[in-house]
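Right, one structure below, let's go through it.
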Amino acid sequence: MRHPRDFFSPLAIGAPSPVREIPFKPSRMIHFFDPSNPRMAAKIPEIVKQVDILLGNLEDAIEAGNKVAAREGLVKIARDTDFGETPLWTRVNSLDSPWFLDDLLRLVGEIGDKLEVIMVPKVTGPWDIHYVDQLLAQLEAKHGLSRPLLVHAILETAEGVKNVEEIAAASPRMQGISLGPADLAASRRMKTTRVGGGHPDYVVRDDMDEANPKTERPSHLQDLWHYTTAKMVDACGAAGILPFYGPFGHIADDQACEDQFRNAFLMGCVGAWSLHPKQIAIAKRVFSPPVKDVKFALRVLEEMGDGTGTVMIDGRMQDDATVKQCRVIVDLARMLAVKDSDLAAAYGL
Ligand code: GLV
Ligand code: MG
Numbered sequence: 006m007r008h009p010r011d012f013f014s015p016l017a018i019g020a021p022s023p024v025r026e027i028p029f030k031p032s033r034m035i036h037f038f039d040p041s042n043p044r045m046a047a048k049i050p051e052i053v054k055q056v057d058i059l060l061g062n063l064e065d066a067i068e069a070g071n072k073v074a075a076r077e078g079l080v081k082i083a084r085d086t087d088f089g090e091t092p093l094w095t096r097v098n099s100l101d102s103p104w105f106l107d108d109l110l111r112l113v114g115e116i117g118d119k120l121e122v123i124m125v126p127k128v129t130g131p132w133d134i135h136y137v138d139q140l141l142a143q144l145e146a147k148h149g150l151s152r153p154l155l156v157h158a159i160l161e162t163a164e165g166v167k168n169v170e171e172i173a174a175a176s177p178r179m180q181g182i183s184l185g186p187a188d189l190a191a192s193r194r195m196k197t198t199r200v201g202g203g204h205p206d207y208v209v210r211d212d213m214d215e216a217n218p219k220t221e222r223p224s225h226l227q228d229l230w231h232y233t234t235a236k237m238v239d240a241c242g243a244a245g246i247l248p249f250y251g252p253f254g255h256i257a258d259d260q261a262c263e264d265q266f267r268n269a270f271l272m273g274c275v276g277a278w279s280l281h282p283k284q285i286a287i288a289k290r291v292f293s294p295p296v297k298d299v300k301f302a303l304r305v306l307e308e309m310g311d312g313t314g315t316v317m318i319d320g321r322m323q324d325d326a327t328v329k330q331c332r333v334i335v336d337l338a339r340m341l342a343v344k345d346s347d348l349a350a351a352y353g354l
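In this note's numbering, the protein residues as written are 6 to 354.
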């Protein structure tokens, strides 16, 4: 482990100083697009106005033959587009791929001042982050960047899950972590063929009726992702970085997508990936706190005064700890209300 005194020192002479706090901006969805696809590229100026974060994807889902076109497409889009306040991220290829090094060399050199976060897939431990950290510092120094690039890891290997706390704390560049259920399922030898969501066979069943053992018994779906999401949320919370749920691949199933996103929201995630434009609206709905919860939280804060002691509201005890929960909701609502005037009106903020 680096000495705490050195943790915030630049890793290369001339590189910008690392940030002390990870900025928390609207992050309800990271919208993925394929920069090698001219039809998608043409839609970027419109999409950029609808999303919280836009991400040019270079990794999985981009055919091997299109890797360079995707990289060059992203360079062009980054140069030509006015992103306003919307952060531009990229997902580069994995560290063991033939493309990672050129992805980073080209992107930092050409559009390092436009990119905010580099998403690194298939992270296995803090050593992966240390390598990216040092390389980014060298490239930032070489290209005279004044703002450090941040790093977002995808949690999608069994080894990564085992090491998630060390990954979260590996560098002051660490902005957040996303759960990658598809690669993680493969890495763990799960017997699924899906991208996120539940599985009809992952159930617990009601007790057998001993007197009538043949009676049909209901079964109850269990959440395949609960353990990993919880582990990731705690690792991120402890390190002061942001947890996200990743992709939901059954694009036709809006309801299951919404359920998956909402479970993540309730457990502490700040957003999820949108792989299709229609998932943007789902993420917006789910990761903006519900109006009734915001109004109730405002009422608790008002009635709790200095935030100590207890009051009863509608039969529910409120105390210092519920005040803290209500602040999480109200702070999020206030931040989103600045961006979204419809939400501001609905919340009364
Ligand atoms: C995302 O990259 C995943 O593998 O789920
Ligand atoms: Mg993956």
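Even glycine gets a Cβ: it sits at the ideal position worked out from N, Cα and C.
State yes or no: is the C-beta of Glu170 within less than 9 Å of the C-beta of Ala243?
yes
Quick one: does the C-beta of Lys119 sit closer than 8 Å to a heavy atom of the ligand MG? no
**Asked** Between Val328 and Gly312, which are expected to be in contact by the criterion C-beta below 8 Å, what is the C-beta distance as a whole number of angstroms?
**Response** 4 Å
For this session: Report the rounded CA-to-CA distance for Ile246 versus Val73, giving the unit in angstroms.
Result: 31 Å
Taking all protein chains shown into account, decide if Thr198 is buried (16 or more other Cβ within 10 angstroms of its Cβ) or exposed.
exposed
Whole angstroms is fine: what's the gap from Phe29's alpha carbon to Val122's? 13 Å
- [ ] Using only the heavy atoms of the ligand MG, determine whether one of them is closer than 8 Å to the beta carbon of Ala187.
- [x] yes
Do the CB positions of Pro126 and Gly185 come within less than 9 Å of each other? yes
*In the DSSP assignment, what residue or residues form a beta bridge with Thr95?*
Gly61 and Ile123
Does the region 152 to 166 come close enough to the region 178 to 197 that 3 or more CB-CB pairs lie under 8 Å? yes
State yes or no: is the C-beta of Gly201 within less than 9 Å of the C-beta of Gly254?
-> yes
Is the Cβ-Cβ distance between Pro31 and Asp345 less than 9 Å?
-> yes
Practice problem: Taking only the alpha-carbon atoms, compute the straight-line gap between Tyr232 and Arg44 and give it to the nearest angstrom. | Solution: 38 Å
- Task: Please determine, among Ala17, Lys54, Trp230 and Ala302, the residue with the shortest C-alpha to C-alpha distance to Ala286.
- Result: Lys54
Discussion item. Is any non-hydrogen atom of the ligand GLV found closer than 8 Å to the C-beta of Ile159, if you look at the structure I gave you?
Written reply: yes
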